[in-house]
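Participant:
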Amino acid sequence: MKEKIKTFLERKNIVISAKRYFIDAMGAMAQGLFASLLIGTIISTIGEQTGWQVLVDIGGFAKTVSGPAMAVAIGYALQAPPLVLFSLLAVGWSANSLGGAGGPLAVFVIALIACELGKIVSKETKVDIILTPLITVSSGALLSMWLAPGIGAAASYVGNLIMWATELQPLLMGILVSVIVGIALTLPISSAAICAALGLTGLAGGAAVAGCCAQMIGFAFMSYKENKVGGLLSQGIGTSMLQIGNIVKNPKIWIPPILTSAITGPLATCVFGLEMNGAPVASGMGTCGLVGQIGIYTGWVSDVAAGTKDAITAFDWIGLILICFVLPAVLTSLFGFILRKIGWIREGDLKLS
59 MKEKIKTFLE RKNIVISAKR YFIDAMGAMA QGLFASLLIG TIISTIGEQT
109 GWQVLVDIGG FAKTVSGPAM AVAIGYALQA PPLVLFSLLA VGWSANSLGG
159 AGGPLAVFVI ALIACELGKI VSKETKVDII LTPLITVSSG ALLSMWLAPG
209 IGAAASYVGN LIMWATELQP LLMGILVSVI VGIALTLPIS SAAICAALGL
259 TGLAGGAAVA GCCAQMIGFA FMSYKENKVG GLLSQGIGTS MLQIGNIVKN
309 PKIWIPPILT SAITGPLATC VFGLEMNGAP VASGMGTCGL VGQIGIYTGW
359 VSDVAAGTKD AITAFDWIGL ILICFVLPAV LTSLFGFILR KIGWIREGDL
409 KLS
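So for the sequence shown, my numbering puts the first residue at 59; every next one is plus one.
Shown next, in the form of structure tokens:
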């Protein structure tokens with residue numbers, strides 16, 4: 059019986075593993091968020107700043123489909139057949155709508171289940187064109203009605219708890235959030251999806267941005283000797299995940315950016331009051347396409363428009379530039395230099411293949 063189930067799951071391309079669900083699917087979900095909510099927020103902000111209503115409208119259209127975009131991205135990562143993939147549009151919409159502030163986490167959980175159920179029945183009958191969408195949409199919608207509000211509330215509660223703790227203890231939480239989210243960004247999991255699922259904004263979001271920038275800009279400058287301009291750009295505005303193979307070979311190369319994030323995180327929360335009041339997904343993007351910085355800027359704009367912030371000041375810009383670019387480059391390079399001197403980092407340890 060066990061062998062029959064195993065064979066059936068293999069035939070259906072259902073792989074129950076942490077990699078498939080928490081690396082592939084979560085990473086894809088972050089891309090779905092980027093292609094909808096995040097890019098929509100950026101376009102809308104440009105429209106608001108330039109007075110071009112057409113851009114505001116375009117951005118609004120993109121933001122409204124964030125749920126379907128996430129669900130389809132998850133289905134793509136799970137290698138769903140076309141009918142299952144297209145049916146996930148409705149699943150994503152229902153889960154995100156009913157999940158409230160914690161909608162992204164609800165979409166993640168429910169789209170995973172609905173997708174796998176759809177794959178189970180896909181192409182098993184002569185009425186596949188009816189049965190597969192019926193099972194996928196119905197299971198996803200019912201799960202959304204039963205589970206999404208609770209999942210969303212739980213995610214929102216955890217996110218609010220983290221943000222409350224950061225407001226209460228900005229030094230300690232600035233360190234913890236910055237280090238943890240920064241590490242998540244370099245690991246083959248999605249820091250952006252985590253921040254989106256928890257709705258991480260405010261000071262906690264600012265600390266998350268600091269941690270991500272410490273990893274990306276830090277690795278980019280620390281490894282400049284080995285990787286030159288190509289490595290600087292691919293890591294600095296791409297991803298520090300490129301170093302994960304080298305980290306496995308020599309974990310000590312991770313020490314400099316982690317130490318840097320432990321410094322820039324509390325500086326962001328305690329000194330500069332750097333807040334992410336844009337889309338939560340931007341909190342986990344760092345300098346990838348400058349999304350983290352654009353998110354902070356859109357938050358400033360929204361706060362000014364809402365009357366909760368008087369104006370965007372020079373101090374705001376100085377804090378953003380120092381936390382996101384200057385300090386990660388200088389501190390990580392300094393720590394890297396020390397570790398090279400004592401032999402913990404050797405020639406070629408940071409070389410990208």
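All C-beta atoms in this analysis are idealised placements derived from N, C-alpha and C, irrespective of residue type, glycine included.
Run through DSSP, which three-state label would Met334 get?
Facilitator: strand
Participant: From the DSSP output, read off the bridge partner residues of Gly260.
Facilitator: Met334
Participant: Rounded to the nearest angstrom, how far is the Cβ of Leu261 from that of Gly344, given a contact under 8 Å?
Facilitator: At roughly 17 Å, the Cβ-Cβ gap does not stay under 8 Å, so Leu261 and Gly344 are not in contact.
Participant: For the alpha helix (DSSP H) that contains Ser236, what are its first and last residues?
Facilitator: 228-244
Participant: Between which residues of its own chain and Ala223 is the CB-CB distance below 6 Å, once the five residues before and five after are set aside?
Facilitator: Met231
Participant: Can the beta-carbon of Leu141 be found closer than 9 Å to that of Ser197?
Facilitator: Their beta carbons are not under 9 Å apart, which means Leu141 does not touch Ser197 by this criterion.
Participant: Given a cut-off of 9 Å, decide if Ile381 and Val267 are closer than it, judged by their beta-carbon atoms.
Facilitator: yes
Participant: When you compare the CB positions of Met203 and Gly263, do they come within less than 9 Å of one another, or not?
Facilitator: no
Participant: Tell me whether Trp312 sits in a helix, a strand or coil according to DSSP, three-state version.
Facilitator: helix
Participant: With respect to the alpha helix (DSSP H) encompassing Gln293, which residues constitute its N-terminal and C-terminal limits?
Facilitator: 282-294
Participant: Excluding the 5 residues preceding and the 5 following Phe166 in the sequence, name in chain order all residues of the same chain whose CB lies nearer than 6 Å to its CB.
Facilitator: Met87
Participant: Where does Leu156 sit, in a helix, a strand or coil, going by DSSP?
Facilitator: helix
Participant: Apart from the five residues on each side of it in sequence, which residues of its chain come closer than 8 Å, Cβ to Cβ, to Ala320?
Facilitator: So the qualifying residues of the chain are Ile233, Ser236, Val237.
Participant: Excluding the five sequence neighbours on either side, which residues of its own chain have a C-beta within less than 7 Å of the C-beta of Leu389, listed in chain order?
Facilitator: Its chain contains Thr318, Ile321 as the residues whose beta carbon lies nearer than 7 Å to that of Leu389, once the 5 sequence neighbours on both sides are disregarded; these appear in chain order.
Participant: Three Cβ pairs or more, each shorter than 8 Å: is that satisfied between the stretch 105-119 and the stretch 164-178?
Facilitator: Segments in contact, no.
Participant: So which of Val123, Gly210, Trp151 has the shortest CA-CA distance to Ala255?
Facilitator: If we check each option's Cα against that of Ala255, Gly210 comes out closest.
Participant: Take Ile100 as the anchor and find which of Phe373, Val349, Ile370, Asp368 has the nearest alpha-carbon.
Facilitator: Val349
Participant: Give the straight-line distance between the Cα atoms of Gln301 and Leu408, rounded to the nearest whole angstrom.
Facilitator: Straight-line Cα distance between these residues: approximately 7 Å.
Participant: Identify whether Ile116 lies in helix, strand or coil by the three-state DSSP scheme.
Facilitator: helix
Participant: Is it right to say Gln351 is buried, meaning 16 or more other beta carbons lie within 10 angstroms of its own, or is it exposed?
Facilitator: buried
Participant: By how many angstroms is the C-alpha of Ala129 removed from the C-alpha of Ser94?
Facilitator: Ser94 and Ala129: Cα-Cα distance of roughly 12 Å.
Participant: State the DSSP-derived secondary structure class of Gly208, mapped to helix, strand or coil.
Facilitator: helix
Participant: Using three-state DSSP, classify Ala450 as helix, strand or coil.
Facilitator: What is shown of the chain runs 59 to 411, which leaves residue 450 out entirely.
Participant: Within 9 Å (strictly less), CB to CB, does Ala268 reach chain D?
Facilitator: Absent from the structure: chain D. Only one protein chain is present.
Participant: With distances taken Cα to Cα, identify the nearest neighbour of Gly276 among Ala265, Gly394, Lys184, Glu284.
Facilitator: Each of Ala265, Gly394, Lys184, Glu284 was checked against the Cα of Gly276, and the nearest Cα belongs to Gly394.
Participant: Expressed to the nearest angstrom, what Euclidean distance is found between the alpha-carbon atoms of Gly289 and Asn71?
Facilitator: 36 Å
Participant: Use the C-beta contact count for Lys177: other C-beta atoms within 10 angstroms, 16 or more gives buried, fewer gives exposed.
Facilitator: buried
Participant: Please classify Phe373 as buried or exposed, where buried requires at least 16 other C-beta atoms within 10 Å of its C-beta.
Facilitator: exposed
Participant: Just to confirm my understanding: we take Val149, look at its own chain, exclude 5 residues before and 5 after, and list those with CB closer than 6 Å. What are they?
Facilitator: Ala129, Ala169, Ala172, Gly198
Participant: Within the same chain, show all residues whose beta-carbon is closer than 7 Å to that of Pro246, passing over the 5 residues directly before and after it, in chain order.
Facilitator: Ile81, Met299, Ile302
Participant: Check whether the Cβ atoms of Leu397 and Lys310 sit closer than 9 Å, and answer yes or no.
Facilitator: yes
Participant: Using a Cβ-Cβ cutoff of less than 7 Å, which residues in the same chain neighbour Gly323 once the five nearest sequence positions on both sides are dropped?
Facilitator: Gly232, Ile233, Val235, Ser236, Val237, Ala265, Ala268, Gly269
Participant: Assign Trp375 to one of two classes, buried (16 or more other C-beta atoms within 10 Å of its C-beta) or exposed (fewer than that).
Facilitator: Counting C-beta atoms within 10 angstroms of its own C-beta, Trp375 has fewer than 16 neighbours from the protein chains shown and is therefore classed as exposed.
Participant: Select from Met59, Phe383, Ala251 the residue whose C-alpha is nearest the C-alpha of Leu91.
Facilitator: Ala251
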